[in-house]
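J.: First to last, the protein sequences are chains H and F.
Position 144 (the first sequence) corresponds to 143 in numbering that gives the first Met the number 0; numbering is contiguous.
Position 288 (the second sequence) corresponds to 287 in numbering that gives the first Met the number 0; numbering is contiguous.
The beta carbon of each residue, even a glycine, is placed where N, CA and C say it ideally should be.
Structure provided below as structure tokens; questions to follow.
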Amino acid sequence: MKAAPLLSVENLTVRFPGATNWFGQVTSQVHAVNNVDLCVLPGESLGIVGESGCGKSTLVQAVIGLVRLTSGRVLVDGHDFAGANGTLKRDLRQKMQIVFQDPQSSLDPRLPVWRLITEPLHIRGGMPAAALRARAEELAVSVGLRSDQLDRLPHEFSGGQRQRIAIARALSTDPELLILDEPTSALDVSVQAQIINLLLKLQRELGLSYLFISHDVSLVRHFCDRVAVMYLGQIVETGPAEAVFDDPAHPYTRTLLASVPSLENSLPDVDASLTGELPNNRRLPAGCYYRERCRSAVPGCELPQALLAVPKANAESAPRHQARCCLHMPA
Amino acid sequence: MTAHSVQRPHALSIENLSLEFPTYAGAVKALDGVTIKVGNAEIVGLVGESGCGKSVSTMAATRLLPEGRYKITQGSIRLFGRDPMAMDEEELQQVRGKLVSTIFQEPMNALNPTIRIGQQLVSVIRRHEALGRKAAEAVAVNILADMLIPEPARIMQAYPFELSGGMRQRVLIAMAFSCNPGLIIADEPTTALDVTVQAAILRLIQGRARRTGTSVVFISHNIAVVSQICDRLYIMYAGRIVESGPTRAVLDRPQHPYTRALLRCLPERVRPKEPLESIPGTVPNLLDPPPGCFYRPRCPEADARCMEKPHSTALPGGQAVSCWQRAGHPSHPSSEVPS
Chain H
0 MKAAPLLSVE NLTVRFPGAT NWFGQVTSQV HAVNNVDLCV LPGESLGIVG ESGCGKSTLV
60 QAVIGLVRLT SGRVLVDGHD FAGANGTLKR DLRQKMQIVF QDPQSSLDPR LPVWRLITEP
120 LHIRGGMPAA ALRARAEELA VSVGLRSDQL DRLPHEFSGG QRQRIAIARA LSTDPELLIL
180 DEPTSALDVS VQAQIINLLL KLQRELGLSY LFISHDVSLV RHFCDRVAVM YLGQIVETGP
240 AEAVFDDPAH PYTRTLLASV PSLENSLPDV DASLTGELPN NRRLPAGCYY RERCRSAVPG
300 CELPQALLAV PKANAESAPR HQARCCLHMP A
Chain F
0 MTAHSVQRPH ALSIENLSLE FPTYAGAVKA LDGVTIKVGN AEIVGLVGES GCGKSVSTMA
60 ATRLLPEGRY KITQGSIRLF GRDPMAMDEE ELQQVRGKLV STIFQEPMNA LNPTIRIGQQ
120 LVSVIRRHEA LGRKAAEAVA VNILADMLIP EPARIMQAYP FELSGGMRQR VLIAMAFSCN
180 PGLIIADEPT TALDVTVQAA ILRLIQGRAR RTGTSVVFIS HNIAVVSQIC DRLYIMYAGR
240 IVESGPTRAV LDRPQHPYTR ALLRCLPERV RPKEPLESIP GTVPNLLDPP PGCFYRPRCP
300 EADARCMEKP HSTALPGGQA VSCWQRAGHP SHPSSEVPS
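Laid out in structure tokens, this is it:
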């Protein structure tokens, strides 16, 4: 009935050594990502939102293999990505590409645009220079650059154009999934709109799936089919974008949504002492991670919380909207 | 402006200011005829995209631009009726912190990493107020508590690296308010912070400013943030003020095509997955700006009149717009101006 997921992450945990003692033994660990499960279906966009330091970037870096996983599995098209070797690994890697936040630092300043765009193909090998150039031209035009700009260097472009170059490079291997790590945070709103429109257009034309990380909730609401809200390395709520944003079940999601600046609302009455900060992730809290900041904490919150379906009047969307909260009561 | 006018002078009054930076490639015209007035106890927002001159206008007013590297070609600046350009270094140091203080975007760069928070606060307070060390420390602890910093006495002993970004920004805001200045310039104070922290910080700035009657110039590229705390807005584009007015009026009845486009770029007002409106083209090169209205090359409404520089037209309700299309007939057919 449902299409097989393109990407599925099972029980992913990432820990970094926090401190070492005199003998180099690890004495404390940073719990960056804790038991995350998620999946991305072909052609859909999954947004991940959360405060800085909640582990969203580490999560996608672990997915794409830039960070070593401590435990858990990443399946691409049903194949274990982290455990794959040789040609299988190479083929799986072609299916996922990543676009970083700051094109200033993610593009080699000394390579001309056509070399930058085709760098992944160059590394894969087996294509003559003329073919690479032709492919670069095709990709450049598809992201809205002109073919006469192919010999220029990144510094000759504006921030928005550089992000277009980064997107063209990510598309060069014909991936099925693009990981977008805050792709518009470094851009002005008018340029952000151009890049978002480009990404939506590419998704329609190429049937791409997106894993979209952002701290901008209104952008995620606009862009994504489904969202996952992260807190302290854990997914606290997930579901279809409209269900999560219009009817949030977890108290953290509610605080997050209430704090989003909006043209229509006046300044939210967010209690500053409660909004506080993320707890230290060296020592994870027992029970619900959000308990200390939660206004509606009750007895029972000191137990570990499971991600459970939110009871809904509308039974159809119910099983897909899940929250990690024992209250489960919409406001 | 006369020194003995009946009314108190504006906290900040920038009058028709043009400023350029000479470079080898020619003069970069960073500001062109900018007029900004900030009344007493008023919170004013300055909005625009990067490079439009928001920070330059306020840095010129506090003389924080590198000396000798810029040239004011016309116009004047008055801070509480005084001309910062005529002050010597000693006077400036008296003014900065006491009359005007600035909250910068990056709290890590604005605090000295090798000195404890308490000492940095106390040195600011003692520079401007005749207080002993003990008394200044008490003032500092009080103001930290006012910024909802838990355990202010402990934070006084901490170094900046021990605090989170939101906490550091609160320390900076405390420092800015510590000598009860008449004007605070908040230059993107929440851009580096999370939304939950941002909401708390905006409340702190707004609450303290309202309680103490401090004027605030709030600079941001995020029109939604600005709209939540400001009484009036100035929209800047390429070194010019294109529109100004009371916040609600500007947001509900934007007059300048640029303001309208800026509001339509936001995902908030568009249905999910619909294309967002984007502004075609790019910001003009300020080394060699186009003749007439700077927005003309990107403007869907431009016509022959726009080859000349538009002047600011006052509209009913306190709005003002620099656009030829609104100059003659303020009630443009595509905008609903209520009668």
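Just checking my contact of Pro153 (chain H) with Ile164 (chain H) at CB under 8 Å: how many whole Å lie between their CB atoms?
T.: Sequence index remark: in the first sequence, residue 153 (chain H) carries index 154 (1-based). Sequence index remark: in the first sequence, residue 164 (chain H) carries index 165 (1-based). Correct: roughly 7 Å between the Cβ atoms.
J.: Hey, Thr57 (chain H) and Val66 (chain H) are a contact pair by Cβ (cut 8 Å); roughly how many whole angstroms apart?
T.: Start at 1 with the first residue of the first sequence, and residue 57 (chain H) comes out as number 58. Start at 1 with the first residue of the first sequence, and residue 66 (chain H) comes out as number 67. Indeed they touch by this definition, with Cβ atoms about 6 Å apart.
J.: Strictly under 8 Å for the Cβ-Cβ distance: is Gln318 (chain F) near chain H by that measure?
T.: Position 319 of the second sequence, counted from the first residue, corresponds to residue 318 (chain F). No - not a single Cβ of chain H is within 8 Å of the one on Gln318 (chain F).
J.: Helix, strand or coil for His78 (chain H), going by three-state DSSP, please let me know.
T.: Locating residue 78 (chain H) in the first sequence gives position 79, counting from the first residue. The answer is strand: DSSP assigns His78 (chain H) an E or B state.
J.: Taking 7 Å as the cut-off, does the CB of Leu11 (chain F) come closer than this to any heavy atom belonging to the ligand GTP?
T.: No copy of the ligand GTP appears in this structure; indeed no ligand is present at all.
J.: For Val259 (chain H) versus Val228 (chain H), is the C-beta distance shorter than 8 Å?
T.: Within the first sequence, residue 259 (chain H) is the residue found at index 260, counting from 1. Within the first sequence, residue 228 (chain H) is the residue found at index 229, counting from 1. No.
J.: Counting only C-beta atoms, is His221 (chain H) closer than 8 Å to chain F at any point?
T.: Within the first sequence, the letter at position 222 stands for residue 221 (chain H). With 8 Å as the cut-off, His221 (chain H) counts as an interface residue toward chain F.
J.: Mark His3 (chain F) as exposed unless 16 or more other C-beta atoms lie within 10 angstroms of its C-beta, in which case mark it buried.
T.: On the second sequence, residue 3 (chain F) is found 4 positions in, with the first residue counted as 1. Caution is warranted here: a pLDDT of 48 is assigned to His3 (chain F), below 50, making its placement in the model unreliable, and the coordinate value is therefore given only provisionally. That one is exposed.
J.: Could you round the C-beta distance between Pro289 (chain H) and Val235 (chain H) to whole angstroms and report it? I think they count as a contact, below 8 Å.
T.: On the first sequence, residue 289 (chain H) is found 290 positions in, with the first residue counted as 1. On the first sequence, residue 235 (chain H) is found 236 positions in, with the first residue counted as 1. Reading the sequence as shown, one finds Tyr at residue 289 (chain H) and not Pro. Going by Cβ atoms, the distance from Tyr289 (chain H) to Val235 (chain H) rounds to 7 Å, so yes, they are a contact pair.
J.: My guess is that Gln104 (chain F) and Thr190 (chain F) are in contact by the Cβ rule of under 8 Å, so how many angstroms apart are they, rounded?
T.: Here residue 104 (chain F) refers to the residue found at position 105 when the second sequence is read from its first residue. Here residue 190 (chain F) refers to the residue found at position 191 when the second sequence is read from its first residue. The pair is a contact, with the Cβ atoms about 5 Å apart (cut-off 8 Å).
J.: If you count every other CB in all the chains shown that lies within 10 Å of the CB of Asp25 (chain H), and 16 or more means buried, which is it?
T.: Taking the first sequence and counting its residues from 1, one reaches residue 25 (chain H) at position 26. First, the residue type needs correcting, since residue 25 (chain H) is Val and not Asp in the sequence shown. Looking at its Cβ environment, which holds fewer than 16 other Cβ atoms inside 10 Å, Val25 (chain H) is exposed.
J.: At 4 residues or longer, and completely inside the stretch 80-123 of chain H: list those alpha helix (DSSP H) runs for me, N to C.
T.: 85-93, 102-105, 112-116 and 118-123, all fully within the stretch 80-123 of chain H.
J.: Straight-line CA distance for Val13 (chain H) to Arg132 (chain H)?
T.: Counting from one through the first sequence, the residue named residue 13 (chain H) turns up at place 14. Counting from one through the first sequence, the residue named residue 132 (chain H) turns up at place 133. When rounded, the distance between both Cα atoms is 39 Å.
J.: Pairing CB atoms from the stretch 39-58 of chain F with CB atoms from the stretch 288-306 of chain H, are three or more of them under 8 Å?
T.: The stretch 39-58 of chain F vs the stretch 288-306 of chain H: no contact.
J.: Quick one: does His30 (chain H) have its CB under 8 Å from some CB of chain F?
T.: Within the first sequence, residue 30 (chain H) is the residue found at index 31, counting from 1. By this cut-off, His30 (chain H) is not an interface position.
J.: For Arg132 (chain F), which residues in the same chain have their Cβ closer than 7 Å to its Cβ, ignoring the five residues on either side in sequence?
T.: As a working note, residue 132 (chain F) is residue 133 in the second sequence. Cβ neighbours of Arg132 (chain F) beyond the five flanking positions: Val121.
J.: Identify, in the order they occur along the chain, each residue of the same chain with its Cβ nearer than 8 Å to the Cβ of Ile71 (chain F), setting aside the five sequence neighbours on each side.
T.: In the second sequence, residue 71 (chain F) corresponds to position 72, counting from 1. Contacts found: Leu16, Ser17, Leu18, Ala59 and Met84.
J.: Please report the distance separating the alpha-carbon of Phe222 (chain H) from that of Gly46 (chain H).
T.: The residue given as residue 222 (chain H) occupies position 223 in the first sequence. The residue given as residue 46 (chain H) occupies position 47 in the first sequence. Roughly 8 Å separates the two Cα atoms.
J.: Please determine if the stretch 282-292 of chain F and the stretch 27-38 of chain F are in contact, where contact requires at least 3 C-beta pairs separated by less than 8 Å.
T.: They touch, by the three-pair rule.
J.: Could you tell me which chain H residues have their CB closer than 8 Å to the CB of Ser243 (chain F), listed as they occur along the chain?
T.: Position 244 of the second sequence, counted from the start, is the residue given in the question as residue 243 (chain F). None at all; the shortest Cβ gap to chain H is about 17 Å.
J.: Where DSSP assigns a beta bridge to Cys38 (chain H), which residues make up the other side?
T.: Working through the first sequence from its first residue, we reach residue 38 (chain H) at position 39. Answer is H:Ser7, bridged to Cys38 (chain H).
J.: Grouping DSSP H, G and I as helix and E and B as strand, with all else coil, what is Glu14 (chain F)?
T.: For the purposes of this step, residue 14 (chain F) is taken as the residue at position 15 of the second sequence. Residue state, collapsed to three classes: strand.
J.: How is Pro296 (chain F) classed by DSSP in three states: helix, strand or coil?
T.: In the second sequence, counting from the first residue as 1, residue 296 (chain F) sits at position 297. Of the three classes helix, strand and coil, the one that applies to Pro296 (chain F) here is helix, per DSSP.
J.: CB-CB under 8 Å to Pro309 (chain F), same chain, minus the five flanking residues each way: which ones, in chain order?
T.: Translated into positions along the second sequence, residue 309 (chain F) becomes position 310. Same-chain partners within the cutoff: Gly291, Cys292, Ser321, Cys322, Trp323 and Ala326.
J.: Output, in chain order, the set of chain F residues within a Cβ distance shorter than 8 Å of Asp147 (chain H).
T.: Here residue 147 (chain H) corresponds to residue number 148 of the first sequence, with the count starting at 1. Ordered by position in chain F, no residue passes the 8 Å Cβ test against Asp147 (chain H), which lies about 17 Å from the chain.
J.: Check for me: the beta strand (DSSP E) holding Met235 (chain F) runs from which residue to which?
T.: Indexing the second sequence from 1 puts residue 235 (chain F) at position 236. Arg231 to Tyr236 is the span of the beta strand (DSSP E), which, as asked, contains Met235 (chain F).
J.: Have a look at Leu205 (chain H) and Lys94 (chain H) and give me their C-alpha separation to the nearest angstrom.
T.: Here the question's residue 205 (chain H) lines up with position 206 in the first sequence. Here the question's residue 94 (chain H) lines up with position 95 in the first sequence. The straight-line gap from Cα to Cα measures roughly 13 Å.
J.: Buried or exposed, going by whether 16 or more other CB atoms sit within 10 Å of the CB of Met328 (chain H)?
T.: Taking the first residue of the first sequence as 1, we reach residue 328 (chain H) at position 329. Because the pLDDT of Met328 (chain H) is 49, which lies under 50, any placement of that residue in the model is unreliable, and the number read from its coordinates should be weighed accordingly. Exposed, by the Cβ-count rule.
J.: Measure the C-alpha to C-alpha separation of Ala3 (chain H) and Ile142 (chain F) and round it to an integer number of angstroms.
T.: Counting from one through the first sequence, the residue named residue 3 (chain H) turns up at place 4. Counting from one through the second sequence, the residue named residue 142 (chain F) turns up at place 143. Those two C-alpha atoms are separated by around 57 Å.
J.: Check each residue of the stretch 226-259 of chain H: if its Cβ is closer than 8 Å to any Cβ of chain F, include it; give the result in chain order.
T.: Correct list: Ala240, Glu241, Thr254, Leu255, Ala257, Ser258 and Val259.
J.: Would you please state the rounded distance, in angstroms, between the beta carbons of Thr101 (chain F) and Ala208 (chain F)? I believe it to be under 8 Å.
T.: Here residue 101 (chain F) refers to the residue found at position 102 when the second sequence is read from its first residue. Here residue 208 (chain F) refers to the residue found at position 209 when the second sequence is read from its first residue. Contact flag wrong, Cβ pair sits at about 14 Å.
J.: For the beta strand (DSSP E) containing Glu263 (chain H), name the first residue and the last one.
T.: Here residue 263 (chain H) is taken as the residue at index 264 of the first sequence, counted from 1. Taken as a continuous stretch (DSSP letters only), Glu263 (chain H) belongs to no beta strand (DSSP E), as it is neither H nor E.
J.: When DSSP labels each residue in this structure, what does Val140 (chain F) get in the three-state scheme?
T.: Translated into the one-based positions of the second sequence, residue 140 (chain F) becomes position 141. Three-state DSSP puts Val140 (chain F) in a helix.
J.: Using DSSP with H/G/I as helix, E/B as strand and the rest coil, what is Val152 (chain H)?
T.: The residue you call residue 152 (chain H) lines up with position 153 of the first sequence. Here residue 152 (chain H) is Leu; the residue named in the question, Val, does not match the sequence. Three-state result, Leu152 (chain H): coil.
J.: At a CB-CB cut-off below 9 Å, which residues of chain F make contact with Ile195 (chain H)?
T.: In the first sequence, residue 195 (chain H) corresponds to position 196, counting from 1. By Cβ distance, chain F contributes Pro266, Pro274, Leu275 and Ser277.
J.: Can you check whether the CB of Ile124 (chain F) is closer than 8 Å to the CB of Ala135 (chain F)?
T.: Counting from one through the second sequence, the residue named residue 135 (chain F) turns up at place 136. Counting from one through the second sequence, the residue named residue 124 (chain F) turns up at place 125. A contact, by the Cβ cut-off of 8 Å.
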